[in-house]
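**Q**
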Amino acid sequence: MTQAMERDLVWSDDFLIGIEELDYEHRNLIDNINELHDELLEQVDMDRVADTLGSIHARIQAHFALEEHFMQSRKYPHFDEHKAEHNKLLDEYTERMTKFRRNPNLDDRRAMEEVLRKWILHHILTSDKKMSLMVGPGS
């Protein structure tokens with residue numbers, strides 16, 4: 001039997017970057033990722049999984065737009081580098097999502113979840129925290 005990925009990402013204060021609207025978005029994205037994980041584990045109807053994949057994609061796009069607006073409005077000096085990380089993650093997720101929708105299988109599911117987990121565990125805890133320390137929460 002193939003071992004499943006860790007069940008849920010658990011929200012913790014370690015994910016807080018101190019910018020309320022972005023923290024709110026991060027928390028919701030973690031909830032969405034956990035919903036996707038549960039649906040894939042339970043092997044629910046593919047239409048439902050496809051809806052969740054699309055919802056996560058839309059949330060990521062909207063979140064990145066919000067975050068990028070925030071950085072630009074505060075003249076964040078590492079904006080281009082941070083935006084490049086966003087583009088890379090979105091491209092990778094889009095590619096995995098498209099491949100999974102065409103031919104759902106366990107390996108693609110794991111790869112897609114790994115993309116999302118990597119973003120949560122790496123991007124938020126490093127790049128987003130760095131950005132928040134340099135520009136501050138503002139209002």
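Using the working numbering, the letters of the sequence shown correspond one by one to residues 1 to 139.
Note that CB positions come from ideal geometry on N, CA and C, so glycine has one too.
Enumerate in chain order the residues of its own chain whose CB-to-CB distance from leucine 111 is below 6 Å, with the five nearest sequence positions on each side excluded.
**A** For the purposes of this step, residue 111 is identified with residue 111 of the sequence shown, where counting begins at 1. Note that residue 111 corresponds to alanine in the displayed sequence, not to leucine. Hits under 6 Å: Arg96.
**Q** Return the CA-CA distance between glutamine 3 and glutamate 85, expressed in angstroms with no decimal places.
**A** In the sequence shown, counting from the first residue as 1, residue 3 sits at position 3. In the sequence shown, counting from the first residue as 1, residue 85 sits at position 85. Low confidence applies to glutamine 3: its pLDDT is 40, below 50, so where it sits in the model is not reliable enough to give any reading.
**Q** So does the stretch 107-125 actually touch the stretch 25-33, counting three or more Cβ pairs closer than 8 Å?
**A** Cβ pair count under 8 Å is three or more, so yes.
**Q** Between proline 77 and isoleucine 60, what straight-line distance do the alpha-carbon atoms span, to the nearest angstrom?
**A** As a working mapping, residue 77 is identified with position 77 in the sequence shown. As a working mapping, residue 60 is identified with position 60 in the sequence shown. Those two C-alpha atoms are separated by around 22 Å.
**Q** Where does tyrosine 76 fall in DSSP's three states?
**A** For the purposes of this step, residue 76 is taken as the residue at position 76 of the sequence shown. In the structure shown, tyrosine 76 sits in coil (DSSP, three-state: anything other than H, G, I, E or B).
**Q** Can you give me the C-alpha to C-alpha distance between glutamate 81 and alanine 50, rounded to a whole angstrom?
**A** Here residue 81 refers to the residue found at position 81 of the sequence shown. Here residue 50 refers to the residue found at position 50 of the sequence shown. Straight-line Cα distance between these residues: approximately 31 Å.
**Q** Does DSSP classify glycine 54 as helix, strand or coil?
**A** Within the sequence shown, the letter at position 54 stands for residue 54. Residue state, collapsed to three classes: helix.
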